[in-house]
Amino acid sequence: MAPDQEPEVDMYSRFLQACRESHEYPYTLLRTPLGPLPGSLLKRYHSSLAQNSSDLCNESRTRIQFWDQWPGDQTCHRTEVNSQADLSEHVERKGEDPRCRHLFIESRHSRAPLDCSVAALKLILTFHQVDPFFLDHVFAFGRQQEPLDACWTHFKDHNTLDRHDNHPSLAPLGRSGREVRHSFLLRLVERTQPGGDSLWHWPIRQVAAYHSFDLSNGRSIWITVKGNGVMRERIMQDTMDLPVFRRSMTDESIVACFNASLATHLIYFQWCGENWRWFIRDIEEEIREKCTLLRTAAIDREPYFARLPRRTDSASSFVDIEAPPDRTDDGSIDAEKSMPDDAFVLGFFSYKDLQTLHSMGRTLEEARLVVELNHSTLKKVCRYYQHIVQSHSDAGDIPEDAKQGFRDSISRFIPKVESIMEDLEINLAQLTSLLRKLDADKTLLECILQFRSSQGSRVFEELAHENSIAMQVTSEATKLATHSTHVISFIAFCLDIIHKAYQNRILQCRASSTTQLA
1 MAPDQEPEVD
11 MYSRFLQACR
21 ESHEYPYTLL
31 RTPLGPLPGS
41 LLKRYHSSLA
51 QNSSDLCNES
61 RTRIQFWDQW
71 PGDQTCHRTE
81 VNSQADLSEH
91 VERKGEDPRC
101 RHLFIESRHS
111 RAPLDCSVAA
121 LKLILTFHQV
131 DPFFLDHVFA
141 FGRQQEPLDA
151 CWTHFKDHNT
161 LDRHDNHPSL
171 APLGRSGREV
181 RHSFLLRLVE
191 RTQPGGDSLW
201 HWPIRQVAAY
211 HSFDLSNGRS
221 IWITVKGNGV
231 MRERIMQDTM
241 DLPVFRRSMT
251 DESIVACFNA
261 SLATHLIYFQ
271 WCGENWRWFI
281 RDIEEEIREK
291 CTLLRTAAID
301 REPYFARLPR
311 RTDSASSFVD
321 IEAPPDRTDD
331 GSIDAEKSMP
341 DDAFVLGFFS
351 YKDLQTLHSM
361 GRTLEEARLV
371 VELNHSTLKK
381 VCRYYQHIVQ
391 SHSDAGDIPE
401 DAKQGFRDSI
411 SRFIPKVESI
421 MEDLEINLAQ
431 LTSLLRKLDA
441 DKTLLECILQ
451 FRSSQGSRVF
461 EELAHENSIA
471 MQVTSEATKL
481 ATHSTHVISF
491 IAFCLDIIHK
501 AYQNRILQCR
511 ASSTTQLA
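The sequence shown lines up with residues 1 to 518 when you count with the UniProt record's numbering.
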């Protein structure tokens, strides 16, 4: 069903027909803020939704929650639907839309399919005439092995304020067709294990929100997609506790409703600015534990063999040589006593430490990018609302009796958003500083590992040198022992000769005496 080919008939009848054919979304949009969208663009979104449906939605589980405040009612009502039939009955009930509706689509965890069938999602988007650009934010959810979209955050406006746009009104539902529309995607680190002290307990989570505000009667719609119930619980609690929301339930003026709409923005924005301080503290402590020894280790002492005296050519110099290194019972060198002291320090570091620092750097960079993009998104929201008040007040799109109230509301809203932005700027500066320090630590560790590699060969050289000294001492001692043996042998030989000569002389003398007597 292509909108640009339909005849101009009763809009409400066309709307009911579109709801019956909601499976054709986004072709079921009566008209977008930009006029009829090109068929190629509608086809692209239709195809993308079909291709991603198996990972995006859980066809076997539907759990959608509504938080509605109806006209004339001074409280909000919570409704949970668990089937397509219940959803159709709730949204297509007769009468006007609620003055404020919050619709929550969640999942069991951040990487699980949404608790919503594709048919239910298309019916929701068709009934509330949500522009297909919101799907860009919804596609960040669903089944996935690793987080997608590289920490992407985004803001997209879909205004219908131009009086010449002829955006269709749906009087039976209380829709004037002149609406402030936009959607955004924000991210934050959320602690998964309270009390944990590891940076791995801080995964990045996202929330996608669509909002429309009717400038004629103050009706608003919020569609929130989140991987858990955190945002739902906050909104339900705050809409019952904060004065700005209670006033909007009793004072149905457009300005009071607009104030409540802006206050709801702050719930999302405050969420995206939380936790960063505690995340930064945790990761700073993690870096300190990993890198304190790295920064203070004494690894530049003089190698052991450089402290050894040098031998000379004189044999007498051996008396000046240091004692050989200690040996074990089997005669081998005792490595613990002979190893240089700095080798023990170097042994504390490994390439696994470098991998750990690299992982920490990736986590820090992802967090830094999220903070920076969140800041950019909030800045766009501020400009967006300032533009609405400045441009559309003069154009007559805002009711005359509400113009000053809108200006006052925006003037109070902008400083609150800017305060959150200032906190994000501080967090960004902290993360940037941590990244620089971590890069310096990584560089230092790489140098230490290179130094250890070079020192490894020097250590072996020292051990070889020590063994050489021991062998030299043993060799010299052996030589001395050999020389002594030779001298002793020579003396013994000489004494033996003398002894034999003496004995021969005695024998000769005796023989001579015997001859003379005869």
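Here a beta-carbon is modelled for each residue, glycine too, at the ideal position from N, C-alpha and C.
Bounds of the beta strand (DSSP E) holding Arg205 are 204-214. Note that the C-beta distance between Leu242 and Ala209 is not below 8 Å. Taken in chain order, the whole alpha helix (DSSP H) runs of length 4 or more contained in the segment 203-281 are 230-241, 243-250, 254-273. Around the C-beta of Asp353, 16 or more other C-beta atoms lie within 10 Å, and the residue is accordingly described as buried.
Collapsing the DSSP output to three states places Asp408 in a helix.
Annotated as proximal: Pro71 and Glu96, with beta-carbon spacing under 8 Å.
For Arg143, same chain residues with a beta-carbon under 6 Å away, outside a window of 5 residues either side, are Asp55, Pro113 in chain order. At a Cβ-Cβ threshold of 8 Å, Phe245 and Ala260 count as neighbours. Gly174 is positioned such that its CB atom lies no closer than 8 Å to that of Pro168. For the 8 Å CB-CB criterion, Ile420 and Cys382 do not form a contact. In the three-state scheme derived from DSSP, where H, G and I count as helix and E and B as strand, Arg111 is classed as coil. The continuous stretches of beta strand (DSSP E) do not include Thr377, which lies in the alpha helix (DSSP H) extending over residues 351-387. Here the C-alpha atom of Leu373 lies approximately 14 Å from the C-alpha atom of Thr432.
Within the segment 39-95, complete beta strand (DSSP E) segments of at least 3 residues are found at 64-69, 77-81, given in chain order. The shortest C-alpha to C-alpha distance from Glu274 to any of Glu284, Arg247, Val230, Ser350 is the one to Val230. Taking the CA atoms as reference points, Ile204 sits about 16 Å from Phe139. In the same chain as Ser376, and ignoring 5 residues on each side of it, the C-beta atoms closer than 8 Å to its own belong to Thr153, in chain order. Val225 and Lys442 have their alpha carbons spaced roughly 39 Å apart. In the displayed model, Val180 falls within a strand according to three-state DSSP. Under the Cβ criterion (8 Å, minimum of three pairs), the segment 38-49 does not count as touching the segment 59-77.
The C-beta separation of Ile223 from Val130 comes to about 7 Å, placing the pair in contact by the 8 Å criterion. Going by DSSP, Cys19 is part of no beta strand (DSSP E) but of the alpha helix (DSSP H) stretching over 11-20.
Contact check for His137 against His182 fails: the beta carbons are separated by 8 Å or more.
In the DSSP assignment, Leu29 falls outside any beta strand (DSSP E), carrying neither H nor E. The criterion of a C-beta distance shorter than 8 Å is not satisfied by Phe184 and Phe258. Selection Glu59, Cys509, Tyr384 evaluated against Asp115 yields Glu59 as nearest (Cα-Cα). Inter-residue distance for Ser216 and Asp401 is about 11 Å (C-alpha atoms, whole angstroms). The continuous alpha helix (DSSP H) containing Asp136 extends over residues 134-138. Separation of the CB atoms of Trp202 and Asp282 is rounded to 7 Å, and the pair is thereby assigned contact status at 8 Å. Ser48 sits away from Thr126, with the two beta carbons spaced by 8 Å or more. In the structure shown, the three-state DSSP call for Glu190 is coil. DSSP, read as helix, strand or coil, puts Ile488 in helix. Remark: C-beta atoms of Val118 and Cys19 do not approach each other more closely than 8 Å. Within the same chain, Phe139, Gly142 come within 8 Å of Asn52 by CB-CB distance, once the 5 residues on both sides are set aside. DSSP lists Ile64, Val225 as the bridge partner or partners of Ile105. Cβ-Cβ distances below 7 Å link Phe269 to Leu378, Val417, Ile420 in the same chain, with the five nearest sequence neighbours on each side left out; the list follows chain order.
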